[in-house]
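These protein sequences, in sequence, are chains A and B. Throughout, this note's numbering is defined as the position within the first sequence, counted from one, plus 273. Throughout, this note's numbering is defined as the position within the second sequence, counted from one, plus 11. Here's the structure, in structure tokens; my notes come after.
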Amino acid sequence: MTEQTAGRTAAAPRTLAEELRARGDDALAALLRARPDLLNPVPSDLAQLAGRISTRASSLRALERLDRFTLQTAEALAAAPDGCDRRTLRALLTGTPGVPPPPGADPVDTAAVDAALPGALALLRDRALLWGPDTSLHLVRTVRELLAPTAARPGPTGLGPTLAEATAGMSPGRLQELLADAGLPATHDPVSAVAALTDLLTDRERADALVGGAPEAARAVLDRLAWGPPTGTVPDAGRPVRAEEARSPVEWLLARGLLLPAGPRTVVLPREAALHLRAGRSHRTVEAAPPGVGPTRVHEPQGVDAAAAGQAFTAVRTAEELLDLWSLTPPPVLRAGGLGVRDLRRAAAALDVPEATAAFWIELCFGAGLLASDGEADEVWAPTPAYDTWLQQPVARRWALLARTWLAATRVPGLVGTRDAKGRALVALGPDLDRTLAPGTRRAVLEQLAALAPGTAAGADALLPALRWHRPLRGGPATGEGRDLRDDLTARTLAEAELLGVTGRGALASPGRALLAGADPVPLLEPLLPRPLDHVILQPDLTAIAPGPLLTPLSQELALAADVESKGGATVYRFTPDSVRRALDAGRTAADLHDFLARHSRTPVPQPLSYLVDDVARRHGRLRVGAASAYLRCDDDSLLAEILADRRSERLRLRRLAPTVLAAQAGPEAVLERLRAMGYAPAAESPDGDIVVVRPDARRTPPRSAPAPVPDGPPAPDDVLLDAAVRAVRAGDRASTAARRAVVAGPAAAADGIRLPRTAAAETLAALQTAVLLGERVWIGYVNAEGSAGQYVVAPVKVEGGRVTAYDHARDELRTFSLHRITGVADLDEAGLDEAGGGGA
Amino acid sequence: MNDGPLIVQSDKTLLLEVEHPKADDCRRAIAPFAELERAPEHVHTYRVTPLGLWNARAAGHDAEQVVDALVTYSRYPVPHALLVDVAETMARYGRLQLQKHPSHGLVLSTTDRPVLEEVLRSKKVAPLVGVRVDPDTVAVHPSERGQIKQVLLKLGWPAEDLAGYVDGEAHPIALEQDGWHLRPYQRQAVEGFWHGGSGVVVLPCGAGKTLVGAAAMAEAKATTLILVTNTVSARQWKHELVRRTTLTEDEIGEYSGARKEIRPVTIATYQVMTTRRKGVYPHLEVFDSRDWGLIVYDEVHLLPAPIFRFTADLQARRRLGLTATLVREDGREGDVFSLIGPKRFDAPWKEIEAQGYIAPADCCEVRVTLTESERLAYATAEPDERYRFCATTATKRRVVEALVEQHRGDQTLVIGQYIDQLDELGEALGAPVIKGETTNLQREKLFDAFREGEISVLVVSKVANFSIDLPEAAVAIQVSGTFGSRQEEAQRLGRVLRPKADGRAAHFYSVVARDTVDQDFAAHRQRFLAEQGYAYRITDADDVLRGAGDDPVR
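This is the structure:
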């Protein structure tokens, strides 16, 4: 690094590429990490990298990722002449020293600006938006074009074009008239005329005199335009007006060049004039430091963790409940993709949550790869095989998957139910729910919370000012009166984090904190979760109460034999004849149930419950319905007589076959249903006479992978890639600059513009072998089979059999060169590279 | 995770583990705002409803206390959303207040102007209010005081009634506590009521609600109108008042189908009040015939709709509601809250039983099996005849005989719905039958005889459902009822809950036909009592019949 620094101080770089060349590898890697779009594809050398940095798309992307003060610094630079020094920049931000602050401007905290300015400049340099030393600051050309104020686009500064820009295309005669009316001597060409006018406006004393001489009405016009927008509409802007014939205040100003025509009906206040009126300030409000987080509430961190853990548990259970529901009754996929509104409503009712919350859980399961469409002819949404794996994991691990999915998700379930630009309703699991802004905003919100003391909760209103300061240009499209997408996403992030248990009582909980930091939240969450129980409390009113989460097999068995009545910290189950019958239908016997209840009850099994089980079991299966031939048989012939006599069974068209057998014309399903409706408890029978165990199959999709989030640009490069990229760029650069050095430093350029190193064959061989031994890179000249000459920077790996195997840094690959075609070898003087690039002139 | 006895559910029910050492503290903390819904043996269920939260606000509790109680006793973290919801719901009470205004009489005022604007925009409120006194106050016609409270409750902005009460015509009344005393819970109930102004006291059957009424009258020392369900109950009230207070027979009037007396203390029946002739209620004058200082509503859960309407006009008078359960089959609990007043006191049945003020009861459902021919007939019966058919099955008679035999020597009531069945049973048991056509004179004579022990078995129809006082009925056998009515079941059980002289348990039998709608209805009826902690055993009729043969009872 010291070499590079030495190089830079020795002489200021003349281009961005030169400055980049002077940067260390770490700095280049940092640049590529911050602007990963530059890496696609890996640029071949620094000139190409510089070119890519200057593209409009990449510049915009980089600007969007600046905080407000850095952006203001860049804006101020764009309003200043290119290559201005740091003092000029500071004056733009804090106002011309010694001049009282203008009316309408907020006071500037000079100390804060001084404290923040070096950081802002460093950031702009790191991001390669700015180059050059403090004495000559250059914005990258595209950035300057993007930020420089013009008449049509004054930007956040509210400044207009410079005098020179505004007078471009004005006739030389008219310029001389302006000079005369401004009280300046005539000049011999338009360029010097503009310079004279500019000098007048930038000279504080003379400009004061000129403005001071303005009539009050003209002064009012100036004041109105001073802080922007700098343009005004007048009937005939282009008409040349002389001072003596000026009638209106606007004409007075137009005559003296304080206003200039910007179109047939538009006048503009030139930038120099505006800056004079503003006491030199580029921004009305300079926000050097991020605003603090608004009002907060402080809770006990333990309470926060407990609340979050409770919610985390609920989250896992809700997902499970949803997917279990859809295992049995998978909802259809709409033709346009997504989930029907009615199915969403049904899911919401089943989960006992509002529809918006149901949409959140559904999207979360989808995002986590637990739910997918099965791709069959009648496409349905169903759990994936990954769900079964997920189910086997402990609760904390299950939660971690959901939370990680949420953190990175680009799909925004909050949009469900709204309409897109074409007026189509957006549905859950449907297209167009991705918002690239979402993950960044989510992370930013959580990071704001993480920066607060543990247990501190803050609402969206409290967080938003700071969020806006950190990324002023990342607000996303407007979504309503004075709201943008980020405002909505912030509020949603907080609500969703609470639902998911990332936060508790509005404050970031410790598992959430670990998640955000990229650590494993499981060990932190585990001890906070209630321990699953292996018992329930049975009550004489036929309820069973699980005073906490149950072990999975127990809860599944219980859900079979009893209906869930209420959920929450505990689960209340109610035994009904129907629920007991369901268990019997599923193949349990009365003895099984008695045993199950006795084993898992902490209290004696109440007599009414035992009686209920026996009573249902007594009746269960007394009636048997065959599927193959649709018959009814029963040992009790009076029962059959009873059914036969019952008018309600008419529809089944029953006929008595034998004292104990009835045949039905209706299908077995209809028969079963009818008999149950009549209050009997028939059992379906297989052709062998066994009772058919009925339990619906759980639905699964074929294996499905989780949808990848749609990121807002290329993925963040990892260190390996960065390292390789920097090496490649550097090598490519070496190849080109080394070549140039040779050309420049050599006695004369070859006729074809390339001068190849020339050494004797023995020398060449020796030099290459040395390079192999020392692992050095060398510069070789090479003539290929077609006879065209080239030069390469290579790291020779081995020399044998008349061939040299070497690593070509420019192409990032191993190549083989024929020894006899190598024209010569030259050392790469590493220290001399910069001289070659920077000091060669 | 703390080790509290309370579990908060997402449907806003609270589960309280009663065996937990902190269960009593917790119960006391949550009772003001949560309604006890079920009280079976191990885990009690309370429900948090807006009405309950407003009741708590009306009784002077604030959201902070409620949240604190939940957080302190909850075993698992309480969902934040629920706490927020509690605070928001409670904050709705009292934003609107009914107050007396020196020049405008009754006014509705607010501490939160947008709320007033919101309710005034409602079509239902508009006709009830008068001029806008100032931005925060609007005049209300005094006769609409009840109406507006009802409407505001429905809009979700319950008004706090601070307009006070008229004293009414003074009349000296005092309790004569010789040889008896108000029980502690009765005294608490009266105090709760009196400090709250108006409201409802919830006590189990047999826990002495009449005495709470009498004590309230003694506090008011003013003329009192008592509304009761029927004539027998009216006589009972009169009897009790004469016995327990300084009031004499002459001071107490009965306003019923039979007699139309208006005295300083008047007892009127719901039936006569709601009698309608040619579209008008001719007996409404009772409400205005005197300047009543207190109005007592017995059995509030049965209050008929017209009485609600009249009550709306009586908001300036103190109102006391008495009931065993706030469960109304018609779901008009909100009207009770807005028109009579919030719940001022309640105590779970089991708690009072534990204190020895009501007898412990053994509830038993006896299942009889229909004979084959009966089953056939049942299957072919018309749907609207089904219940009657299975409820009156002849098989039940033998079971009832066996049960009566088993409890020979105990005062036994046989209760049913269908007169034919009762007549048959009366004949078989050799016991008198009290039904609708029995004259009041005859009824009282029979009741007296039963009370004296001259008759040990009495067969009664649903006329005896309410308010008859049979001190020593130790056994009740119900053979049929009004379909699935839960409060009928509660009332019938109440017949046997008066504490027995020897502290014995009472017995309550339901005879039910197996595999019929009778069984379904019975299950529904029992739900309330099961939730009050009365566990039903279920036995088969065969066991009872066998027991009668070889096991002479006790």
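Backbone N, C-alpha and C fix where the C-beta goes; we use that ideal spot for every residue, glycine too.
#### Entry: Under 8 Å by beta carbon: chain A residues contacting residue 387 (chain B)
911, 914, 915 and 918
### Query
Does residue 381 (chain B) get closer than 8 Å to chain A when you measure Cβ to Cβ?
Output row for residue 381 (chain B): interface = no.
### Task
Show which residues of chain B have a CB atom less than 7 Å away from the CB atom of residue 876 (chain A).
Within chain B, the residues near residue 876 (chain A) are 53.
### Query
Tell me which same chain residues have a C-beta within less than 7 Å of the C-beta of residue 560 (chain B), skipping the five on either side of it?
Bear in mind that a pLDDT of 47 at residue 560 (chain B), under 50, signals an unreliable position, so the number given afterwards is only what the model happens to contain. Same-chain partners within the cutoff: there are none.
### Message
Please list, in chain order, the residues of the stretch 683-704 of chain A that have any C-beta partner in chain B closer than 9 Å.
### Response
none
#### Entry: Closer than 7 Å at the beta carbon, the chain A residues around residue 49 (chain B)
814
### Message
Under 8 Å, Cβ to Cβ, is there at least one residue of chain E near residue 371 (chain B)?
### Response
In the displayed structure, chain E is absent; the protein chains listed are A and B.
### Task
Compare the C-beta of residue 529 (chain B) with all C-beta atoms of chain A and state if any pair is closer than 8 Å.
no
### Task
Report the neighbours of residue 21 (chain B) on chain A: residues whose CB is nearer than 7 Å to its CB, in chain order.
625, 840 and 841
### Any 3 or more C-beta pairs closer than 8 Å across the stretch 344-356 of chain B and the stretch 499-506 of chain B
no
### Task
Assign residue 295 (chain A) to one of three DSSP states: helix, strand, or coil.
It is helical.
#### Entry: Where the alpha helix (DSSP H) containing residue 243 (chain B) begins and where it ends
For residue 243 (chain B), the enclosing alpha helix (DSSP H) begins and ends at 242-255.
### Task
Out of A:906, A:945, A:930 and A:601, state which residue places its alpha-carbon closest to the alpha-carbon of residue 924 (chain A).
Of A:906, A:945, A:930 and A:601, the residue nearest in Cα terms is A:945.
### Task
Please specify which runs of the alpha helix (DSSP H), each continuous and at least 4 residues long, are wholly inside the stretch 381-414 of chain A, giving them in chain order.
383-399
### Task
Would you identify the three-state DSSP class for residue 574 (chain A), choosing helix, strand or coil?
helix
### Query
Taking Cβ-Cβ distances shorter than 7 Å, what residues in chain A pair up with residue 24 (chain B)?
Against residue 24 (chain B), the close residues of chain A are 839, in the order they occur along the chain (beta-carbon pairs closer than 7 Å).
### Task
From the DSSP output, in three-state form, read off residue 635 (chain A) for me.
helix
### Task
With a floor of 3 residues, list each beta strand (DSSP E) that falls wholly inside the stretch 269-330 of chain B, ordered by position along the chain.
276-280 and 305-308
### Task
Give the secondary structure of residue 356 (chain B) by DSSP, where H, G and I count as helix, E and B as strand, and everything else as coil.
strand
### Task
Report the three-state DSSP secondary structure of residue 176 (chain B) (helix, strand or coil).
coil
### Query
Excluding sequence positions up to five away, which residues of its chain have a Cβ less than 6 Å from the Cβ of residue 521 (chain B)?
376, 489 and 533
### Task
Work out the CA separation of residue 276 (chain B) and residue 172 (chain B) for me, nearest whole Å.
Cα-Cα distance, rounded: 26 Å.
### Message
Using a 10 Å radius around the Cβ and a threshold of 16 neighbouring Cβ atoms, would you call residue 902 (chain A) buried or exposed?
### Response
Confidence in residue 902 (chain A) is poor, its pLDDT being 49 and thus under 50, which makes the residue's placement too unreliable to answer from.
### Task
Using alpha carbons as the reference points, say which of A:922, A:1059 and A:645 lies closest to residue 607 (chain A).
A:645
### Against chain B: residues of the stretch 750-771 of chain A by CB proximity under 9 Å
771
### Query
Is residue 1076 (chain A) helix, strand or coil when you go by DSSP?
strand
#### Entry: Cβ separation of residue 306 (chain A) and residue 990 (chain A), assumed to be a contact under 8 Å, to the nearest whole Å
6 Å
### Task
Express the C-alpha separation of residue 346 (chain A) and residue 303 (chain A) in angstroms, rounding to a whole number.
21 Å
### Query
Near residue 137 (chain B), what residues of its chain come up, given a Cβ to Cβ distance below 6 Å and the 5 sequence neighbours on each side ignored?
none
### Query
If you measure from the beta carbon of residue 557 (chain B) to each beta carbon in chain A, is any gap under 8 Å?
no
### Query
Just reading off the beta strand (DSSP E) that residue 1177 (chain A) is part of, what are its end residues?
With chain A running from 274 to 1114 in the structure shown, residue 1177 (chain A) is simply not present.
#### Entry: Distance between residue 642 (chain A) and residue 672 (chain A) (C-alpha atoms, nearest Å)
Straight-line measurement puts the Cα of residue 642 (chain A) at about 14 Å from the Cα of residue 672 (chain A).
### Task
Determine the extent of the alpha helix (DSSP H) in which residue 865 (chain A) is found, giving its start and end residues.
863-873
### Query
So, using beta-carbon positions, are residue 533 (chain A) and residue 523 (chain A) closer together than 8 Å?
no
#### Entry: Residue from A:876, A:833 and A:847 with nearest C-alpha to residue 861 (chain A)
That would be A:833, whose Cα lies nearest to the Cα of residue 861 (chain A).
### Task
Could you check if residue 260 (chain B) is buried or exposed, using at least 16 other CB atoms within 10 Å of its CB as the buried criterion?
By the neighbour-count rule (16 or more Cβ atoms within 10 Å), residue 260 (chain B) is not buried but exposed.
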